[in-house]
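Going by the numbering used here, the sequence shown runs without a break in its numbering and finishes at 560.
This report refers to the structure that appears directly beneath it.
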Amino acid sequence: MGTQRYSPRSKKQTEFVFFTKNGKGATWSSPLFHRRLYLCRIPVPYIFMAMSTPFFTHFLLIALLLTSPPSAFAQRTPPQRPNIIYIYADDLGYGELGCYGQKVIRTPHLDQMAREGIRFTQHYSGAPVCAPSRCMLMTGKHAGHSYIRGNYELGGFPDSLERGQMPLPEGIYTLPALLQKAGYRTGLCGKWGLGMHDNSGSPLLHGFDYYFGYLDQKQAHNFYPTHLWENDQLVPLRNPPFEVHRPLNPATATEADFQSFIGTDYAPALLTEKAVAFIKKNKDKPFFLYLPYPLPHVSLQVPAPYVDHYRGQLEEQPYYGQAGYASCRYPRSTYAGMISFLDDQVGVILRVLQELGLDNNTLVCFSSDNGASFAGGVDTRFFESMAGLRGHKMDLYEGGIRVPFIARWPGTIPPGQTTAHISAQYDVMATLAELTGQSAGKTDGISFLPTLLARAQGQTIHPFLYFEFSEKGGQLAIRMGPWKGVRSQLKTQSDAPWELYHLEKDPSEAHNVAGEYPAILEEIERIRKQARQKAHVLDWELKGY
Ligand SMILES: [Ca+2]
16 MGTQRYSPRS KKQTEFVFFT KNGKGATWSS PLFHRRLYLC RIPVPYIFMA MSTPFFTHFL
76 LIALLLTSPP SAFAQRTPPQ RPNIIYIYAD DLGYGELGCY GQKVIRTPHL DQMAREGIRF
136 TQHYSGAPVC APSRCMLMTG KHAGHSYIRG NYELGGFPDS LERGQMPLPE GIYTLPALLQ
196 KAGYRTGLCG KWGLGMHDNS GSPLLHGFDY YFGYLDQKQA HNFYPTHLWE NDQLVPLRNP
256 PFEVHRPLNP ATATEADFQS FIGTDYAPAL LTEKAVAFIK KNKDKPFFLY LPYPLPHVSL
316 QVPAPYVDHY RGQLEEQPYY GQAGYASCRY PRSTYAGMIS FLDDQVGVIL RVLQELGLDN
376 NTLVCFSSDN GASFAGGVDT RFFESMAGLR GHKMDLYEGG IRVPFIARWP GTIPPGQTTA
436 HISAQYDVMA TLAELTGQSA GKTDGISFLP TLLARAQGQT IHPFLYFEFS EKGGQLAIRM
496 GPWKGVRSQL KTQSDAPWEL YHLEKDPSEA HNVAGEYPAI LEEIERIRKQ ARQKAHVLDW
556 ELKGY
């Protein structure tokens, strides 16, 4: 079946991908079409055998029915310039929502949002930690091109040392700037992490007309901070200063000691208040609202009613701060309560849209910036936070980067959809550019608007997704169709070997088959050599480049 080639060469060609009997990829390309089709992933001789059976005829009919868009939505033209709300969770694992299989934590609003819209099962954050993921979402670049590729800290924890992270540079093209150009009012309520009020990273310099929230993401380790920021001005809150990373002594800790990590103004609730005010103020114009909640990132802090929601139902021991962040009397109940709190905020936003009559003219998206955490008293094993995926936050295994993605737009996105389209957050800029008739400029993204609109036949497929992360030894990952290559220890070993996983057969990345598919690895290595440009910070470099 032709030469073995699993090529990412051009998205302007259709590549018909077959698998030969030995399982190696074989493709046929046509420049007449503009997308890549995976015809099958089974050995070619078996396809012809199967075609001669009555079962195949039935299969074909069912497949045609399933791939046809629901008639009520088939040719629906989306309203021009709909409002857009992008809600971003922080460290929410792939398996922590009911609609993604969570059994303990209750998330009724997000589950309903998924029932009313579309749920992606193979969506990726750009990176396994906060700042680079946010940068890639905002700029449409993958980790090999992104200006920010790590949590590069410029200050410390106390208020006096609040300096934020590596700021976005002047002149970089961002998603909010694109939408601002399209006539949108643009607002940010949440955790920014890409610069401070007094440097080149202020949100006001990158396309936001309005912002409120945390600028320095380290301050968001505390949900009862002394202050937040609004349009480059400091906003004092009714919370006393305290050291959130101060551990307690298990032998002497009292109830009052645990209470010392609780203040008056819970920052995530204020984010929702400001978000609602922004929506109401701009209800008559198209608006873009970016809502990066700092939940459920630790510290484990949530108003008492949300702890009570679970307390007594979950077996648990106090957390004394031994793995960083605030101590917590009921860590499992608090963690579950934080996710339920986040879910309630989504409920508030959706209710406001309905009350204002904006439901049918607003695209609401929800995702997470990376996988669930291992720190601060979070028990991901107990909650099965990764739904069986390997690794967690800071890993380029699936648990670190595969995240929930839900989109809801009544009347335009057909309800109850699930898609396995392989996509990343660096696609969002291209998607919203297409939606609003703008150019995204040069990004690494591919618009997934056709998938949102149930026009899968028009969906361009990613030839590959690229990830790198210089921490935890230095990691690199490339996803190519069902395959994923992973390399580790790249801070010290330029010849670190590839691991290879077939994610459809082995979603938990348990069976390294690198030795069996040299042609696939050769192709992944070819991508590696082309998909990256040097970082502007030495700390983010990897060996072998
Ligand atoms: Ca995060």
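Where is the CB? At the ideal position from N, CA and C, for every residue including glycine.
Sequence-distant residues of its chain with Cβ nearer than 6 Å to residue i (five each side left out)
| i | result |
| --- | --- |
| residue 297 | 200 |
| residue 13 | What the structure shows of the chain is the stretch from 16 to 560, and residue 13 is not part of that stretch, so it cannot be assessed. |
| residue 446 | 462, 463, 464 |
| residue 112 | 122, 125, 419 |
| residue 163 | 146, 147, 150, 181 |
| residue 575 | A query on residue 575 cannot be resolved here, the shown segment of the chain reaching from 16 to 560 and no further. |
| residue 197 | 451, 453 |
| residue 479 | 23, 493, 495, 542 |
| residue 435 | 136, 137 |
| residue 309 | 105, 206, 235 |
| residue 546 | 159, 481 |
Cut-off 7 Å between Cβ atoms - residues of its own chain near residue i, not counting five sequence neighbours on either side
| i | result |
| --- | --- |
| residue 166 | 144, 145, 146, 180 |
| residue 73 | Here residue 73 scores only 44 on pLDDT, less than 50, and its place in the model should not be relied on; the value that follows carries that caveat. The answer is none, since no qualifying residue turns up. |
| residue 409 | 143, 144, 415, 486, 487 |
Nearest-angstrom beta carbon gap, residue j and residue i [assumed within contact, 8 Å]
| i | j | result |
| --- | --- | --- |
| residue 356 | residue 382 | Wrong, their Cβ atoms sit about 18 Å apart, outside the cutoff. |
| residue 116 | residue 110 | 5 Å |
| residue 539 | residue 500 | 4 Å |
| residue 559 | residue 503 | Residue 559 to residue 503, Cβ: 12 Å. No contact. |
| residue 294 | residue 371 | 7 Å |
| residue 221 | residue 192 | 6 Å |
| residue 557 | residue 491 | 7 Å |
| residue 301 | residue 98 | 6 Å |
8 Å Cβ shell around residue i - same chain, five flanking residues per side excluded
| i | result |
| --- | --- |
| residue 252 | 239, 240, 241, 242, 243, 278, 279, 280, 282, 285 |
| residue 343 | 273, 276, 314, 315, 316, 333, 334, 349, 392 |
| residue 86 | The predicted position of residue 86 is uncertain, since its pLDDT is 43 and thus under 50; no value can be drawn from it. |
Euclidean distance between Cα positions of residue i and residue j
| i | j | result |
| --- | --- | --- |
| residue 194 | residue 448 | 8 Å |
| residue 526 | residue 488 | 21 Å |
| residue 124 | residue 359 | 7 Å |
| residue 306 | residue 404 | 27 Å |
| residue 361 | residue 246 | 24 Å |
| residue 495 | residue 454 | 26 Å |
| residue 168 | residue 330 | 37 Å |
| residue 346 | residue 263 | 14 Å |
| residue 204 | residue 183 | 18 Å |
| residue 516 | residue 482 | 15 Å |
| residue 1 | residue 231 | With the chain covering 16 to 560 only, the question about residue 1 has no answer from this structure. |
| residue 157 | residue 270 | 46 Å |
| residue 211 | residue 531 | 49 Å |
| residue 380 | residue 459 | 20 Å |
| residue 208 | residue 366 | 28 Å |
| residue 402 | residue 498 | 19 Å |
| residue 267 | residue 258 | 18 Å |
| residue 303 | residue 227 | 14 Å |
| residue 431 | residue 551 | 43 Å |
| residue 219 | residue 521 | 44 Å |
| residue 352 | residue 320 | 8 Å |
Problem set entry | beta strand (DSSP E) segments (min. 3 residues) lying fully within the segment 473 to 501 | Listed in chain order, they are 480 to 484, 490 to 495.
For this session: Tell me the start and end of each unbroken alpha helix (DSSP H) in the segment 383 to 442 that is at least 4 residues and wholly inside, in chain order.
Result: List check, alpha helix (DSSP H) in window: 395 to 398, 413 to 416.
For this session: Starting from the N-terminal end, write out each residue whose C-beta falls within a distance shorter than 5 Å of any non-hydrogen atom of ligand 1.
Result: Checking every Cβ against the heavy atoms of ligand 1 under 5 Å gives 105, 106, 145, 384, 385.
Exercise. In chain order, which continuous runs of the alpha helix (DSSP H) of length 4 or greater are located wholly inside the segment 215 to 240?
Worked result: Segments of the alpha helix (DSSP H) lying fully in the segment 215 to 240: there are none.
Exercise. Which runs of the alpha helix (DSSP H), 4 residues or longer, sit entirely within the segment 295 to 334?
Worked result: Entirely contained in the segment 295 to 334, the alpha helix (DSSP H) runs reaching 4 residues are, in chain order, 319 to 323.
Problem set entry | Ordered list of beta strand (DSSP E) runs contained in the segment 125 to 170, each at least 3 residues | Counting only runs of at least 3 residues, the segment 125 to 170 fully encloses the following beta strand (DSSP E) elements, listed from N- to C-terminal order: 133 to 139.
For this session: Only counting runs of 4 or more residues, tell me where the alpha helix (DSSP H) segments fall wholly within the segment 533 to 560, in order along the chain.
Result: Within the segment 533 to 560, the complete alpha helix (DSSP H) runs of at least 4 residues are 533 to 545.
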